[in-house]
Structures are given as structure tokens and as C-alpha cells.
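These notes are about the structure you will find just below.
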Amino acid sequence: MNSATAFYSGLSLAISSTLLIGTGFIFKKRALLRAGAAGTRAGDGGLLYLRDWVWWIGLILLGLGEGANFVAYALAPAALVTPLGGLSVLVCAVLSARFLNEHLNLAGKLGCVVCLLGSTLIVLHAPKEQPVETLLQMRMNFTEPAFLIYASSVAILNVLLIFVAGPRIGKSNPLVYVVISASLGSISVMACKGLGLALREIQLLGLWGLLTYWFFWLLVILLAFGISIQLYFLNRALDIFNTGLVTALLYVFFTVFVLVASAILFHEWVTLKAVDYFELICGMLMIMTGVLMMTVLKNMNGHGRNPSFNFAFLRKRALYRDSSKEDLLRSASASTDSDSDDSQHKQHKPQSDSANSLESLSSLWNSPA
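In terms of the UniProt record's numbering, the sequence shown is residues 1 to 369.
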């Protein structure tokens, strides 16, 4: 297969994968909402969604999308395939309006247009050739100090996020679970691209030669481990936070991590000219802006505020308000008991102030939050 045929085949598969992945997100979110209403939410560690056939359909669609992505990465440069993932946000935003009642405003609709324009720039100026075309070349680059430093940094970052930041702020800050999924996703993409190269060389190495090659199994382990951890933390993020917010953040961080990893491992950017660099950066910025408009700005209310960003503050405020009301009730109840005892000895005294306090407290309790 020549480079032009491989490029356009990879492009077609990349676009198809965005349709499948965007649809799969909607099915999985729907199942997570149903599971949360029936029992323990996935954000709290519940696994009830595994019994829902809707979640499995979403998983199958995501699997098909990732499979198409797998082949696309084998045929086309990662600098082309990864930014086009923003189209899955567009699909997700459109389907969310139909199935999740998350409607698009004018900013969201403009974001769809901006995202499509940015994707067009990416397609026109992405690298058409891949400098690394054999598994041996990838293995040599894989053991270079630059990529080893990157992989070690990702491992340390994930250990800190999973065991330190996750238990503390994982339920109030979406970046924790999103960065875990995005950073591990970059390693999975590199392994996926390597396996694609291995399949292309199966005639050269032979099936037995490929199965006895240690680097091949290392890529398989990295891919399986990365995908399993990604899915777990992505489920938690989708269950706790707004679908559009999670999708937007995941796209931005995933794109950044993958482009850095591919630049280090595959040297895909060395074949580009200065104008291609400029247009690619513009295209990526346009897609990121479009993703932001389709997700974050689509929920702007009339006062220019987005309720999606108030999750931590609103939760703390609600907890504080509930605890304050309980304290006031206990205090008023104690005052009522004390005044009742005094009234048995002093019948001539007027009604105590505690009754007024209870009336005020009752109005506070019944007032809207």
C-alpha cells in the first residue's frame, strides 16, 4: 500500500471512529445514569452498570471505534488521527441533545462549525508520511532516553493522581480522572501504533517470529493495561461530572499527550514545513475552541454563568447549609425545653423568645435554597 492510499484509508477510519466513539459515549452515560438511580453510582465505586445491556452496547461501539482508530494509527500519522478525535465531541454534543436533554445554544452550534473548520486544516496540513515504518525502528526509538523519560513521567504522574489526589479531590475536580485517562491513553496509542506496524510486518517476520518477539508482547501488555485503567477512571468521571465537560477536557489533554508522545517516539513532525506547523497549530486551536464552545459554553445561562463549574462550591454550600439547619434545630429544641421547664414555675411570664426562634427557623427551613 503506497503512502497516499494509506493516508486516505487512515483518514476514513479516523472519521468513522469518531462517529462510533461519540455514540458509544452517549450509550454509556445513559447506562451510568440508570445505574446511579438504581443503586451505588460508578463514581462511588459501584459496578451496577455492568448488568445493563445499554452500557454493553456503548462499550461495543467504543470498542469498534477504538478498533477503527487502531487501524487508522497504523496507516496514518498520529498528528492526523488524534486531532480528528474532536469530531467525536461534535457527535456527542448532537446526540446529547436528543438522548440526554443537554441542549446546544448558539455558542454550541458555532462551536460545531469551528470544530469542522479546524479539522479541515488538520487534514490538509498533517504529515503524509511516517518516518518510522518498521517495528525495529520503533523499538530503537522506544528505548531512547527521551521516550523513557516521558514514560516514567507518565507513570509517576498517574501514581500520584490515583493514590494521592484521587481520594482527596477526585469527586470535586474532573481533571484528576481526565488526566489519568489522557496520559495513559497516550501510551496506549503508541502501543497501538506499534502493533499496527507489527501486523504490517507479519509477512517479513512470520507469525512465529512475531509471537516470540519480546517487544511485541510488551506492546500488547501496555495496550491492555492502559485501556483497562482508562475505562475505569473514565467511567468514574462520566458518572460524576457533565458529559460534555468530561469529553472536552479529555479531548484537549489526550491530544496534547499523544502529540508529545508521537513527536518523541515517531518523529512525525520532521517532514513538515514551517507553514504546515502554523496551519496545524491553528487547526488544533480551532478544534479546542470549538470543543470548548460545544461543551462548556453550551450551558451558559442568561447571566453568563455555567452551572457545570459550580459543582464543588455548590456541594460544599449544600453540606454547610444542611449542617447549619441541623445545628439551629438542636439549639432551638434545647431552648424550648428549658423555657418549658421555667414556665411550670413562672406561669405569669409572657411567651418565651424560643417560640419566635422556632418560627424564624421554620421559615428558614422552608425557604428555597
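The beta carbon of each residue, even a glycine, is placed where N, CA and C say it ideally should be. Please read all numbers here as calculations on a predicted model, not as lab measurements.
In this structure, the CA atom of L250 is about 9 Å from the CA atom of Y177.
Boundaries of the alpha helix (DSSP H) harbouring P167: 166-169, taken from the DSSP string.
Taking the C-beta atoms as reference points, Y73 is found no nearer than 9 Å to G170. Taking 9 Å as the cut-off, the Cβ atoms of G111 and P83 do not count as close. Distances from the CA of H267 to each of F216, P127, I229 were compared; the closest alpha carbon is that of P127. Here Q230 is near S181, since their CB atoms are less than 9 Å apart. Taking A38 as the centre and dropping the five residues before and after it, the same chain places the C-beta of L48 closer than 7 Å to its C-beta, in chain order. A residue is called buried once 16 or more other Cβ atoms fall within 10 Å of its Cβ, and M140, having fewer, is exposed.
Its Cα nearest to that of F216, the residue T134 stands out among T289, P174, V123, T134. Short of 6 Å from the beta carbon of H103, and not among the five residues preceding or following it, lie these beta carbons of its own chain, in chain order: A97. Contact annotation: L121 and M288 have beta-carbon atoms that are not nearer than 9 Å.
Scanning the stretch 63-142 for uninterrupted beta strand (DSSP E) segments of 3 residues or longer gives nothing; none is fully contained. Looking at the backbone, the Cα of C92 and that of K29 are separated by about 11 Å.
In this structure the stretch 48-63 lies against the stretch 12-23, because at least three pairs of beta carbons, one per stretch, are closer than 8 Å.
In this structure, the straight-line span from the alpha carbon of S88 to that of A68 is close to 13 Å. Between L90 and G290, the C-beta spacing is below 9 Å. Counting along the chain, the unbroken alpha helix (DSSP H) around N158 starts and ends at 145-160.
Sequence-distant partners of L95 (beyond 5 residues in either direction) whose C-beta falls short of 7 Å from its own C-beta, in its chain, are G22, T23, I26.
The shortest CA-to-CA distance from A31 to any of G108, N235, Y8 is the one to N235.
Inter-residue distance for A263 and N173 is about 29 Å (C-alpha atoms, whole angstroms).
When DSSP states are grouped into helix, strand and coil, L272 belongs to the coil group.
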